[in-house]
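In the UniProt record's numbering, the protein residues as written are 1 to 599.
The beta-carbon is built from N, C-alpha and C at its ideal position, and this holds for glycine as well.
Keep in mind the model is a prediction, meaning the values are calculated, not measured.
Some notes on the structure that comes next.
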């Protein structure tokens, strides 16, 4: 009986021990911290709580990153709290009286040590380093750790933009948009010890413009002298390094009411300079530029077309004005007519305010003629564009708005040197004015009773500004252009000489053919042939002297004149052909072997 009771008590004690600590492995402690960051020189208190915590001991663990292994920093502590002064990721576990009974691991708590910065400096860089970025461009921002060496880093970014970069070393923004505009800064974190970080870098501001820039093109000069060079300048609103400039010539495209742009020679890859020189331009032309940069290339908008004008008439396209003068009164009716090798035309206008428009925008285009009534805003340069892609000459038209004013009557087209020209003066209500004064470049050149200024033979010195004065009224001044007369090349005598030589050659060939046809009956020829055979026979087994043979034949021809005379004479007389002296009344043709032109 006593033995049985002892066994029961032993089993009870064993069951109590097993039951009391056997539930430990199914329990999970809770880890808390009084704060999650450690100030410089400070500490954080961690508390590990287990249900029914009486009699528990505690193990404490720390790791430096999520990927690193946890290290035991304190074993079998009787206290459920601990004070730590290092940053890291902490957790705990409890165990019962017997070491074989453990709880599960607690939750993890991350403690960051404030002020534990390293001396490496983080810097944000932008490539390409342009101050202005445009929508559609490609930009890369990088977080560089100066002196980082072989340390593996993780990166943290902050930005005021709506774009949130991931924790990567660099971010490629393509295509850029306004949502990417903002300040960017970063810092580095040591991958193996994440509580060790750099300080935040200085911010870099990224500004992205939604609208593409449109460069401004200028041309100089605006009016051409024949064969002069034209300088183009392309200006971008926000100039910066990296731009290359592309230059185009405009070709009228009437079917689309626009222009086709043809790349000018030598700039298929663009030019670094923002200027370009066109050499030898002779007629009215239009130009356009744009800029590009980056890889892939980002292009600006095309500039507005700019024109350089020529007053010289173009055979393929020309503009005439009726009435044929530069100055007109308001409300005058004027016709602008296009002529040339096309059936489609449009008349263009570029006014004093810099606006370009078509005739159909402000008046009526009938066929190839633009009929318009002039108003005060009619001051402009006018020209024609053809369906075949040609530009005509350009003309200046000036409108005089003063009802009581006068206008100068001057030619609208350039005057050729040596031609005569007449300049007049008109009042709105009176056409024939007398005692008109005329000025050239503000210098009075005629002040008598004549109605017109007549120049009988215009020279280049007559070019310039003219105006007239009548009865105390002065007209506006207009430019009269004088072009150099193109001298027609003198007819060369070479074609005539060629014809003469050709005819002489034909006569010579005919005579030689006649001579060859009669070699069998011509005693002189037979005698010459026999003499040659004898000479060849005597020269047997001797070296051949080609020069001697050529001289012999030349001598034979030279001395056979009399025989040729006789042969030719036979056709005019009867009888046998003999080597007699020719009669003076006979007609002779002398063949001179030195002459290449015949008789």
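query	result
Through-space distance from residue 190 to residue 59, alpha-carbon basis	27 Å
Proximity winner among 176, 81, 101, relative to residue 126 (alpha-carbon distances)	176
Paired residues, beta bridge with residue 94 - DSSP	58
Range covered by the beta strand (DSSP E) that runs through residue 478	478-480
Endpoints, the alpha helix (DSSP H) within which residue 362 is located	359-362
At least three beta-carbon pairs within less than 8 Å, the stretch 130-140 to the stretch 231-251	yes
Pick from 225, 78, 213 that is closest to residue 302, judged by C-alpha positions	213
Secondary structure of residue 178, DSSP reduced to three states	helix
Integer-rounded CB distance, given that residue 379 should sit under 8 Å from residue 314	Their Cβ separation, rounded to whole angstroms, is 24 Å, which puts residue 314 and residue 379 out of contact at 8 Å.
Segment limits, beta strand (DSSP E) that includes residue 77	71-77
Residue 45: CB within 8 Å of a non-hydrogen atom of the ligand ADP	Absence of the ligand ADP from the depicted structure is noted, as is the absence of any ligand whatsoever, leaving it without description.
As assigned by DSSP and simplified to three states, the class of residue 35	coil
Buried or exposed by the 16-neighbour rule on C-beta atoms within 10 Å, applied to residue 443	exposed
Separation of residue 168 from residue 157, as counted between CA atoms	8 Å
Contact set for residue 457: own chain, Cβ-Cβ below 6 Å, skip 5 residues either direction	418
From 420, 402, 292, 256, residue whose alpha carbon lies closest to that of residue 410	420
Distance CB(residue 369)-CB(residue 335) smaller than 9 Å	yes
N- and C-terminal bounds of the beta strand (DSSP E) containing residue 205	204-206
Touching by the beta-carbon criterion (3+ pairs, under 8 Å), the stretch 289-299 and the stretch 244-256	yes
Nearest-angstrom Cα separation, counted from residue 136 out to residue 173	10 Å
8 Å Cβ shell around residue 298 - same chain, five flanking residues per side excluded	134, 136, 137, 138, 292
In DSSP terms, what residue 64 is bridged to	According to DSSP, which records beta bridges pairwise, residue 64 is partnered with nothing at all.
Residues sharing a beta bridge with residue 187, DSSP	156
Extent of the continuous beta strand (DSSP E) to which residue 286 belongs	285-293
Residues near residue 279 in its chain [Cβ-Cβ closer than 6 Å; skip 5 each side]	229
Exposed unless 16 or more other CB atoms sit within 10 angstroms - verdict on residue 510	exposed
Among 328, 238, 178, the one whose alpha carbon lies nearest that of residue 401	328
Touching by the beta-carbon criterion (3+ pairs, under 8 Å), the stretch 269-276 and the stretch 319-333	no
Reduced DSSP category for residue 356 - H, G, I as helix; E, B as strand; rest coil	strand
Of the residues 285, 265, 405, the one placed nearest residue 330, counting alpha carbons only	405
Cβ-Cβ separation, residue 43 to residue 85 (assumed contact under 8 Å), whole Å	4 Å
Paired residues, beta bridge with residue 409 - DSSP	424
Collapsed DSSP secondary structure at residue 46 in the structure displayed	strand
Straight-line gap, residue 68 to residue 87 (C-alpha atoms, nearest Å)	14 Å
Range covered by the beta strand (DSSP E) that runs through residue 340	333-340
The beta strand (DSSP E) enclosing residue 464, as first and last residue numbers	464-470
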